[in-house]
Amino acid sequence: MVELSNLTEKEIYGQIDYLEKEGEINIEHTEHFSTFYFISRNRTIAYYDKKYLNLGKKEFLNDAYDILKNISAIILLVIAIISFIINFLDTRKNKKEIEQIKVKVEKLSK
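Going by our numbering, the first residue of the sequence shown is number 1, and it counts up by one from there.
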């Protein structure tokens, strides 16, 4: 199996364990230290329908969506902070200009 699948033996056993937990294969041990893996006709449907590939794609897309959601929230927060700082500085500048105009008006009214 290692030569056919280009996977390591550890990876193959990991796949077998996963399929066993999902109920897609049955494992039978013999008294001669041999192990047989059986896939029933009904369970081959999962292979042909690419059930686990579709689940993997769905999980990948969900993870990508969550990451994009977080990145967009961070970008919006940065934009909000920058806007706040710019508005604060503009307000300060405008207050100074208003004070200068008040002083000029007072001088002219005297």
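Where a beta carbon is used, it is the ideal one built from N, C-alpha and C, also for glycine.
What's the gap between the Cα of N6 and the Cα of Y18?
Along the sequence shown, one-based indexing puts residue 6 at 6. Along the sequence shown, one-based indexing puts residue 18 at 18. Roughly 18 Å between the two C-alpha positions.
Between I27 and E20, how many whole angstroms is the CB-CB distance? I'm expecting something under 8 Å.
Counting from 1 along the sequence shown, the entry for residue 27 is found at position 27. Counting from 1 along the sequence shown, the entry for residue 20 is found at position 20. About 6 Å; that satisfies the 8 Å criterion.
Starting from E31 and walking both ways along the beta strand (DSSP E), at which residues does that stretch end?
Translated into positions along the sequence shown, residue 31 becomes position 31. Where E31 is concerned, there is no enclosing beta strand (DSSP E), given that its DSSP letter is neither H nor E.
Under the three-state reduction of DSSP, which class applies to I25: helix, strand or coil?
In the sequence shown, the residue the question calls residue 25 occupies position 25. Note: I25 maps to coil in three-state DSSP.
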